[in-house]
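> Here our numbering is used: the first residue of the sequence shown is 1125, the next is one more, and so on. Ideal Cβ positions, reconstructed from N, Cα and C, are used throughout, including at glycine. Before I ask anything, let me first share the structure, which is written out below as structure tokens.
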Amino acid sequence: MVTVAVAGGGSGIGSDIVQAILDAKKHDVVVLSRSIQPHLSSQGVDVRVVDYGSVKGVSKSLRGVHTVISCIAAYGSNSTTSELVLLEAAKQAGVARFVPSEWNSDCHDVVDLYSGKSIVWEAVQSSGLEYTRFMNGLWINVFGPGCIRDEREALGGYKGRPPFAIDLKAGTAIIPGDASQAVVITKTQDVGRFVAAALDLPKWEPESRIVGDKLTLTEVVELGKVICGRDLHIKVMSIENLEGLLHGNMSSGERFYYQLLLAIAKGRMDFEPTLNDLCPDIKPITVKEYLRRHWTND
1125 MVTVAVAGGG
1135 SGIGSDIVQA
1145 ILDAKKHDVV
1155 VLSRSIQPHL
1165 SSQGVDVRVV
1175 DYGSVKGVSK
1185 SLRGVHTVIS
1195 CIAAYGSNST
1205 TSELVLLEAA
1215 KQAGVARFVP
1225 SEWNSDCHDV
1235 VDLYSGKSIV
1245 WEAVQSSGLE
1255 YTRFMNGLWI
1265 NVFGPGCIRD
1275 EREALGGYKG
1285 RPPFAIDLKA
1295 GTAIIPGDAS
1305 QAVVITKTQD
1315 VGRFVAAALD
1325 LPKWEPESRI
1335 VGDKLTLTEV
1345 VELGKVICGR
1355 DLHIKVMSIE
1365 NLEGLLHGNM
1375 SSGERFYYQL
1385 LLAIAKGRMD
1395 FEPTLNDLCP
1405 DIKPITVKEY
1415 LRRHWTND
């Protein structure tokens, strides 16, 4: 048993990772947060409020920690700086293992808001710590907003966010590229289970790739029609369409949305698993199972 610190474990995918580690009951969990987290403290989780402006302060909060898992939202220079502080603090505190905040795929050069991930990744590789970065593709939870059953479970750490690409409630879908590109799609709660299991591996590879399911968004649309009875209005956007659109003026949120679609169109969310074979007892949910569970009354 070791002590694992999850930075940003109070919300988002960090909350699903914390819950999975708690459920496994093999390791102690510390949550680093910028604010108090009563819902975690009530479960006996050691919540340590940190200021990412102070390496010394964060390092003090990491005393006795073996593994640091970063779930700091990787958007903008402030988040990049915070994660670099976390890494340096981990080194000073004698932490053995470090996980940078990735939780998607290697599309840093396509998505502006992910550009800071490259800076952190280079620093992690030269840190001297054992490390891995978890790749899981698109979160299946993006198909959950507005579902008719067990929405809390359907959304997980994606709670409070809008649907992506396919909006089953509104009946719309955007298919990027030529509609034939496969996409890795994984539930955030399953990501948490794989991360918890990876803590027990004797050696980490530089990349831990998780595949919950792999199919095209066109196939997801077809499943939505067959399983959910939803007739979706489909808009296909070629790479050229997306790149042209991105040359125009738009908000950072809109750029993020269309750049993620572009990353899918370019095949950047299509990869083979590495962690699935190392954790054969974990059976991640498929898109078909997810839609049946949350978009039907069966």
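Would you identify the three-state DSSP class for aspartate 1401, choosing helix, strand or coil?
Residue state, collapsed to three classes: helix.
> When the Cα of glutamine 1313 is compared with those of Trp1227, Gln1249, Pro1326 and Leu1292, which residue comes out closest?
Put simply, of Trp1227, Gln1249, Pro1326 and Leu1292 the residue whose alpha carbon is nearest the alpha carbon of glutamine 1313 is Trp1227.
> State yes or no: is the C-beta of leucine 1399 within less than 8 Å of the C-beta of phenylalanine 1267?
Contact: no.
> What is the DSSP secondary structure of asparagine 1228, counted as helix, strand or coil?
strand
> On the DSSP letters alone, give me the boundaries of the beta strand (DSSP E) that alanine 1297 sits inside.
Where alanine 1297 is concerned, the enclosing beta strand (DSSP E) stretches over 1296 to 1300.
> Verify whether the separation of the beta carbon atoms of arginine 1333 and glutamate 1396 is less than 8 Å.
yes
> With threonine 1191 and valine 1219 assumed to form a contact (beta carbons below 8 Å), what rounded beta-carbon distance in angstroms separates them?
7 Å
> Are the Cβ atoms of threonine 1310 and valine 1335 separated by less than 8 Å?
yes
> To the nearest angstrom, how far is the alpha carbon of glycine 1138 from that of valine 1411?
22 Å
> Who are the Cβ neighbours of serine 1242 in its own chain at under 6 Å, not counting the five residues just before and after it?
Cβ within range, chain order: His1232.
> Where leucine 1237 and tyrosine 1381 are concerned, what is the direct C-alpha to C-alpha distance, given to the nearest angstrom?
In this structure, the straight-line span from the alpha carbon of leucine 1237 to that of tyrosine 1381 is close to 10 Å.
> Rounded C-beta distance between isoleucine 1299 and leucine 1341? I'm assuming under 8 Å.
The Cβ separation is near 5 Å, so the contact holds.
> Quick check: the segment 1384 to 1393 against the segment 1290 to 1307, are there 3 or more CB pairs under 8 Å?
Cβ pair count under 8 Å is three or more, so yes.
> With DSSP as the reference, label leucine 1262 as helix, strand or coil.
strand
> In this structure, how does DSSP classify aspartate 1291 when only helix, strand and coil are distinguished?
strand
> Leucine 1385 and methionine 1361: beta carbons closer than 8 Å?
Yes, they are a contact pair.
> So, does the segment 1176 to 1188 touch the segment 1205 to 1218, judging by three or more C-beta pairs under 8 Å?
yes
> Terminal residues of the continuous beta strand (DSSP E) containing leucine 1339?
1337 to 1340
> Use the C-beta contact count for proline 1286: other C-beta atoms within 10 angstroms, 16 or more gives buried, fewer gives exposed.
exposed
> Near proline 1119, what residues of its chain come up, given a Cβ to Cβ distance below 8 Å and the 5 sequence neighbours on each side ignored?
Any question about residue 1119 goes unanswered here, given that the chain covers just 1125 to 1422.
> Looking at asparagine 1265 and leucine 1279, is the spacing between their C-beta atoms short of 8 Å?
Cβ distance < 8 Å, so leucine 1279 and asparagine 1265 count as in contact.
> Starting from leucine 1415, trace the alpha helix (DSSP H) in both directions and tell me its first and last residue.
1411 to 1419
> Going by beta-carbon coordinates alone, are glycine 1136 and glycine 1281 separated by less than 8 Å?
yes
> For the beta strand (DSSP E) that glutamate 1331 lies in, which residues bound it at each end?
1331 to 1333
> Is the beta carbon of leucine 1156 closer than 8 Å to that of serine 1185?
Yes; because the gap between Cβ atoms is below 8 Å, this pair is in contact.
> Taking the CB atoms as reference points, tell me whether isoleucine 1358 and alanine 1306 lie closer together than 8 Å.
no
> Which term fits valine 1169, buried or exposed, when burial requires 16 or more other beta carbons within 10 angstroms of its beta carbon?
Classification for valine 1169: buried.
> Am I right that cysteine 1352 and leucine 1292 are in contact with their C-beta atoms under 8 Å? What's the rounded C-beta distance?
Yes, they are in contact, since the Cβ atoms of cysteine 1352 and leucine 1292 sit about 6 Å apart, within 8 Å.
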